[in-house]
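One structure is given here, and the rest of the page talks about it.
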Amino acid sequence: MALLFRSSIDSEARWKPQLTRLMPELQVRIWPEIGDPAEIDYALVWRPEPGLLASLPKLKLILSLGAGVDHILCDPELPSGVPIARLVDPYMTDAMSEYIVLQVLRLHRQDLDYRAQQQAEIWRELDQKNAVERTVGILGFGELGQDAAHKLTQLGFDVALWGRHPRSVEGLLGFHGSAGLPALLARTQILVCLLPLTGETAGILNARAFSMLPNGAALVNAARGGHLVEEDLLDALARGRLSAAVLDVFRDEPLPAGHPFWHHPRIIVTPHVAAATHPPTAAPIILENIRRFEQGRALLHQVDVARGY
Ligand code: NDP
Ligand code: OXD
Numbered sequence: 230m231a232l233l234f235r236s237s238i239d240s241e242a243r244w245k246p247q248l249t250r251l252m253p254e255l256q257v258r259i260w261p262e263i264g265d266p267a268e269i270d271y272a273l274v275w276r277p278e279p280g281l282l283a284s285l286p287k288l289k290l291i292l293s294l295g296a297g298v299d300h301i302l303c304d305p306e307l308p309s310g311v312p313i314a315r316l317v318d319p320y321m322t323d324a325m326s327e328y329i330v331l332q333v334l335r336l337h338r339q340d341l342d343y344r345a346q347q348q349a350e351i352w353r354e355l356d357q358k359n360a361v362e363r364t365v366g367i368l369g370f371g372e373l374g375q376d377a378a379h380k381l382t383q384l385g386f387d388v389a390l391w392g393r394h395p396r397s398v399e400g401l402l403g404f405h406g407s408a409g410l411p412a413l414l415a416r417t418q419i420l421v422c423l424l425p426l427t428g429e430t431a432g433i434l435n436a437r438a439f440s441m442l443p444n445g446a447a448l449v450n451a452a453r454g455g456h457l458v459e460e461d462l463l464d465a466l467a468r469g470r471l472s473a474a475v476l477d478v479f480r481d482e483p484l485p486a487g488h489p490f491w492h493h494p495r496i497i498v499t500p501h502v503a504a505a506t507h508p509p510t511a512a513p514i515i516l517e518n519i520r521r522f523e524q525g526r527a528l529l530h531q532v533d534v535a536r537g538y
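Number 280 in this note's numbering belongs to position 51 of the sequence shown; there are no gaps in the numbering.
Pasting the structure below:
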């Protein structure tokens, strides 16, 4: 049994020992030294080169090194009929919720304003609400959206979520579909994006959406850079329509030198670190899927390719 490992950002040193310790019979072949492509059964990938997966004639299963799969589905030569599983790891979910709670609290407690005041040596108290008076809207009612919503709710925030289909989860207020989006946006002071990037969600953070938020709302995008129309954000910030944005993901990563986001006083940039994949907890989940495939059992978190997530 052979597995191809290809990540544009992660290393053999972090993954190979974890995988081989737990499944010694698995040969882990690190791209580009993969030997005979016809011997590869499984591919564990992050942003594989277009055409790489199609070059493996006996490929049985594609495993994503992340929760998102847009980095796989964008391959124009993606082999059809090979199942794809995404990664859902409670360790990553906790990490994402930590990030969302941190950034929502930062925006809620006016951290950008106090930092600017500190730079200017200004000692001034700003009006402050309590969390119960602050509405948070989360785009994405999935694994990550729900966990973040529960944790923000525990802090007292007034949270609502938006998904594609109606969902009923105790303690969480939900909206769905294109008809539900304006209602969610109208009640949202801090908007958090945790959607997968698909044909339907690309560019969803745009001037039209910003115009439906209350004046001075703030944005946290921890999903994908392709969700955001960057020019619309800059315009909304310049006009005061939005007051601030926290961005973990970008249209081009790494964020290019000289990009206006780097030094914007109302934008916080982090380098796609909201929930990094963690080999010690992720490897057992990935290997469980290989076991399930070998035994003909249902996979964990199989992607619906037509739906895009
Ligand atoms: P899930 O698949 O569990 O949840 C996706 C949610 O998005 C679902 O609620 C789904 O609706 C909703 N959705 C999808 N399409 C639409 C649409 N067209 N309209 C409305 N709602 C829609 O994904 P996760 O929560 O696990 O992950 C979300 C994303 O977070 C990943 O795809 C990835 O891009 C990003 N991510 C970023 C990381 C980072 O470090 N920055 C780390 C990990 C993930 P429904 O419930 O109806 O199906
Ligand atoms: C993911 C990511 O999708 O880290 O897991 O972006």
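Beta carbons are placed, not taken as given, at the ideal position from N, Cα and C, and that holds for glycine.
Just so we're clear, the structure is a prediction, and the values are computed from it rather than from any experiment.
Distance cut-off 8 angstroms: residue i Cβ against heavy atoms of the ligand OXD
i              : result
histidine 501  : yes
glycine 455    : no
leucine 401    : no
leucine 316    : yes
glycine 297    : yes
alanine 505    : yes
methionine 252 : no
Same chain, Cβ closer than 6 angstroms to residue i, neighbours up to 5 away in sequence not counted
i           : result
leucine 290 : Tyr271, Pro312, Phe522
glycine 317 : It is valine, not glycine, that sits at residue 317 in the sequence shown. Glu372, His530, listed in sequence order.
valine 388  : Val365, Ala378, Leu381, Thr382
DSSP bridge partner residues for residue i (one or two, in chain order)
i             : result
glutamine 256 : Ala231
glutamine 531 : Ala314
valine 498    : Leu476
serine 236    : Trp275
Separation of residue j from residue i, as counted between CA atoms
i              : j              : result
aspartate 179  : asparagine 444 : Residue 179 falls outside the range modelled here, since the chain spans only 230 to 538, and no answer is possible.
threonine 430  : leucine 307    : 21 angstroms
glycine 392    : alanine 408    : 11 angstroms
tryptophan 244 : alanine 473    : 37 angstroms
proline 483    : arginine 235   : 19 angstroms
leucine 401    : glycine 374    : 11 angstroms
valine 274     : leucine 232    : 10 angstroms
serine 440     : glutamate 399  : 30 angstroms
serine 183     : glycine 385    : In this structure the chain extends from 230 to 538, so residue 183 is not present and cannot be described.
aspartate 323  : arginine 338   : 22 angstroms
proline 500    : leucine 463    : 19 angstroms
arginine 276   : glutamate 241  : 15 angstroms
leucine 457    : isoleucine 433 : 6 angstroms
leucine 248    : glutamate 254  : 10 angstroms
arginine 315   : alanine 446    : 32 angstroms
valine 475     : alanine 267    : 45 angstroms
valine 449     : glycine 403    : 19 angstroms
glutamine 347  : isoleucine 367 : 31 angstroms
Proximity test, residue i beta-carbon vs the ligand NDP heavy atom, cut-off 8 angstroms
i                 : result
methionine 230    : no
tryptophan 539    : Residue 539 lies beyond the residue range present for the chain, which begins at 230 and ends at 538; the question has no answer from this structure.
phenylalanine 490 : no
aspartate 477     : yes
proline 508       : no
proline 312       : no
arginine 396      : yes
proline 308       : no
proline 425       : yes
Contacts around residue i, its chain only, beta-carbon distance under 7 angstroms, and the 5 residues preceding and following it disregarded
i             : result
valine 534    : Leu302, Ile313
arginine 480  : Gly454, Gly455, Glu459
threonine 183 : The requested residue 183 is not part of the displayed model; the chain covers only 230 to 538.
alanine 221   : A query on residue 221 cannot be resolved here, the shown segment of the chain reaching from 230 to 538 and no further.
Contact test: residue i Cβ vs the ligand HEM heavy atom, cutoff 8 angstroms
i           : result
glycine 406 : Of the ligands this structure carries, namely the ligand NDP and the ligand OXD, none is the ligand HEM.
Min CB distance residue i to chain C below 9 angstroms
i              : result
isoleucine 433 : Although the question refers to chain C, the structure presented lacks it and comprises just one protein chain.
Exercise. Scan the stretch 413-476 and note each continuous alpha helix (DSSP H) run of 4 residues or more that stays entirely inside, going in chain order.
Key: 436-441, 459-467
Quiz item: Whole alpha helix (DSSP H) runs in the stretch 261-321 with 4 or more residues, listed along the chain?
Solution: 299-302
Quiz item: Taking only runs of the beta strand (DSSP E) that begin and end inside the stretch 341-414, which ones reach a length of at least 3 residues, in chain order?
Solution: 364-368, 387-392, 402-405
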